[in-house]
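Q: In the UniProt record's numbering, the protein residues as written are 1 to 279.
1. Looking only at C-alpha atoms, which of 209, 92, 93 and 83 sits nearest to residue 99?
2. Is it a yes or a no for the stretch 177-191 touching the stretch 213-223, going by three-plus beta-carbon pairs under 8 Å?
3. Between 186, 258, 66 and 86, which has its C-alpha nearest residue 145's C-alpha?
4. Could you check what DSSP says for residue 63 in three-state terms: helix, strand or coil?
5. Determine the direct distance from the alpha carbon of residue 231 to that of residue 348, and round the result to whole angstroms.
6. From what residue to what residue does the beta strand (DSSP E) around residue 85 run?
7. In or out: residue 244 buried (at least 16 other Cβ within 10 Å) or exposed?
8. Could you confirm whether any beta carbon from chain D is found closer than 8 Å to the beta carbon of residue 24?
9. Just curious, the beta strand (DSSP E) that residue 138 is in, first and last residue?
10. Between which two residues does the beta strand (DSSP E) holding residue 201 run?
11. Take the Cβ of residue 192 as the centre, count every other Cβ of all protein chains shown within 10 Å, and call the residue buried at 16 or more, exposed below.
12. For the pair the stretch 36-54 and the stretch 9-18, tell me if three or more CB-CB distances fall below 8 Å.
13. Give, in chain order, every unbroken run of the beta strand (DSSP E) that is at least 3 residues long and sits entirely within the stretch 68-113.
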């Protein structure tokens, strides 16, 4: 069965006037929009199927930035009497109707939207994520790997969309890297709460393990750079994260442990391996 607004694998059934036609099942013959694609009758193609503005079912081998039922961070490229239009990776921009908007639309800015089929089976976007994303998850388990899309920062930390379907929370005291709206990243279910809401985490590595791993990484970087690097526990968190991909708190714990083990010397502007220290 053909899924509108999603990728489908279809068979070429005809080739006439340099145009390929695909077997659309109950939808009948579907024209392939891409003129430059070469293929023979009987070949299979992975195509994105949608209904265009002329109410015709079309297929393309181009893959959009998001499919129906998915959440994506898309840029506003134009405004019109119908609403805002978003760049979603296909030649014809995606409509974000006025009725599905939140706040003022500005060309050049990006918005977090969910793609859906309207009453005419045409693809549209919506910023009203609560109409689609559920608070309760019934099929997730503690420790399960998931895909996260950062939605917004809250007092607790960050609200994220889990697997395009559910809301979850990343707590600020467990986040050791900068996050921003629309960012897509891998994560894990930390806990499915009794109310079926999801607590999330970005790493399954425990704090102590993270400190130990960072200590090893610090020693390796020091050795690579002649025994000295220009970072201390007073360095900006961004510089620390860019170098070691950890929070300032983890970095401080790691160099504190190495100092107690007398493996490094902490100087005013950097840290140095003991066997490389002046003396």
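Using N, Cα and C, we set each Cβ at its ideal position, and we do this for glycine too.
A: Answer, in terms of the structure:
1. As a first step, residue 99 is located in the chain shown; it is residue number 99 there, counting from the start. Looking at the Cα atoms, 83 is the closest of the given residues.
2. no
3. Locating residue 145 in the chain shown gives position 145, counting from the first residue. When each option's Cα is compared against that of residue 145, the closest is 186.
4. For the purposes of this step, residue 63 is taken as the residue at position 63 of the chain shown. In the structure shown, residue 63 sits in coil (DSSP, three-state: anything other than H, G, I, E or B).
5. Residue 348 lies beyond the range of the chain shown here (1 to 279); nothing can be said about it.
6. In the chain shown, counting from the first residue as 1, residue 85 sits at position 85. Element bounds for residue 85: 83-87.
7. If you number the chain shown from 1, residue 244 lands on position 244. So residue 244 ends up on the buried side.
8. Among the chains of the structure shown, chain D does not appear; only one protein chain is present.
9. For this step, residue 138 is matched to residue 138 along the chain shown. Unbroken run through residue 138: none, as it is neither H nor E.
10. The count along the chain shown starts at 1 and reaches residue 201 at position 201. 198-201 is the extent of the beta strand (DSSP E) around residue 201.
11. Locating residue 192 in the chain shown gives position 192, where the first residue counts as 1. Classification of residue 192: buried, given that the 10 Å Cβ count is 16 or more.
12. yes
13. 71-80, 83-87 and 94-97
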